[in-house]
Amino acid sequence: MTETALVTGAAGGIGLEFCKLLGQRGYNLVMVDLNEEGLNTAMSTLSQELNVDIKTFTQDLSTESAAKSIVDFLNSNSIDIDLLFNNAGFGNFGYFAESNWGKDRAMLQVHMVTTTHLTKLLIPGMIARGKGYILNNASVAAFVPGPLMSTYHASKSYILNFTQALANEMKGTGIKATVLCPGMTKTNFAKANGNDDPNIKFNIMDSDYVAEYAFNALMKGKVVAVPGFWNQLSAFLPRLLSRNTVANMVGNIQRKNHAKRADEKATKAL
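Numbered according to my numbering, the sequence shown terminates at residue 287, and the numbering increases by one at each position without gaps.
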């Protein structure tokens, strides 16, 4: 029987590449995203390349009812989900005291509440069938405190800890849970959070590589998947240095990015 995967944030970046990879392996797809136009374009492109059933669902994941709306859609179409990729997310760059609360709240809802709720609603069916895969997209940021991206780093730490605990609870059930912790990746993420020209550029990965790395890790039952040597080193640093030292290191990098962005804005205003 053909398995079905649900991917959030599926209109582009890692989500779209993951859908392509799954489709090539015979998975039917349910693609979820807020960007309806991008979602339709992605579906049209994949439909020409893949011989699988593809359904799309446009949903703002920052709303309280997002997870239930998605599951209602699945139930109305008699779709069981065998693989869930909670991929959708975005950042908010800047000092917390000055950041927009509406954007912070929406981000926390997407990363933590909707991710958890959607998993909560879909995992009983996986357990009943004795097999299932859950992949949650965190970030290498999950391992360190992040001045100027404090809420982003904190929310990703939640995803990391939640998935590790879930994987432990699911032992013996046939369910595999993996948390993906990529570093900078070629997606629209950086542009969307206002930091599309960071000072550190040598470690930016292609989204198709990250998607394949994530899939292989999930299939192998690896709980924490960190693609790339430099990202793995970043994740390991807190074990070697104090958290205060790490916070200072991250903060110094982010302040340089913030100053650079401020200078660019001032130049454009002239």
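Cβ atoms here follow ideal geometry from the backbone N, Cα and C, with glycine treated the same way.
Check whether residue i and residue j have beta carbons under 8 Å apart
| i | j | result |
| --- | --- | --- |
| M124 | N109 | yes |
| Q271 | M166 | yes |
| V263 | L254 | yes |
| D121 | E20 | no |
| L51 | L23 | no |
| G245 | M266 | no |
| V130 | I87 | no |
| A155 | K137 | no |
| A231 | F35 | yes |
| I71 | S224 | no |
Assumed close pair residue i, residue j - CB separation to whole angstroms, cut-off 8 Å
| i | j | result |
| --- | --- | --- |
| A252 | V157 | 6 Å |
| T133 | F179 | 6 Å |
| D97 | G147 | No, D97 and G147 are not in contact; Cβ-Cβ is about 12 Å, not under 8 Å. |
| A234 | T195 | 5 Å |
Through-space distance from residue j to residue i, alpha-carbon basis
| i | j | result |
| --- | --- | --- |
| G106 | E53 | 16 Å |
| L39 | T168 | 31 Å |
| F90 | L33 | 20 Å |
| T58 | G111 | 32 Å |
| P164 | M18 | 48 Å |
| W247 | N94 | 43 Å |
| N212 | N274 | Confidence is the limiting factor: at N212 the pLDDT is only 48, short of 50, which leaves the residue's position unreliable and the question unanswerable from this model. |
| N210 | N117 | Low confidence applies here, because N210 scores a pLDDT of 47, under 50, leaving its location unreliable and the question unanswered by this model. |
| C198 | I151 | 14 Å |
| A207 | I140 | Only weak support exists for where A207 lies, its pLDDT of 47 falling under 50; the value from the coordinates is given anyway. Going from the Cα of A207 to the Cα of I140 covers about 31 Å. |
| I176 | G26 | 16 Å |
| F219 | L67 | In this predicted model, F219 has a pLDDT of only 49, less than 50, meaning its place in the structure is not dependable; the value taken from the coordinates is given anyway. Cα to Cα, F219 sits roughly 33 Å from L67. |
| K239 | S82 | 31 Å |
| Q65 | G29 | 17 Å |
| Y226 | G200 | 12 Å |
| A114 | Q181 | 31 Å |
| N269 | P162 | 12 Å |
| K37 | A84 | 23 Å |
Secondary structure of residue i, DSSP reduced to three states
| i | result |
| --- | --- |
| I52 | This sequence places Asn at residue 52; Ile is not what is there. Three-state result, N52: coil. |
| V267 | helix |
| V241 | strand |
| I31 | helix |
| A22 | strand |
| V157 | helix |
| M129 | helix |
| M58 | Reading off the sequence, residue 58 comes out as Thr, not Met. Correct three-state label for T58: helix. |
| L46 | strand |
| Y150 | strand |
| V227 | helix |
| V196 | strand |
| N104 | coil |
| M222 | strand |
| K203 | coil |
| F232 | helix |
| T73 | strand |
| K120 | helix |
| E66 | helix |
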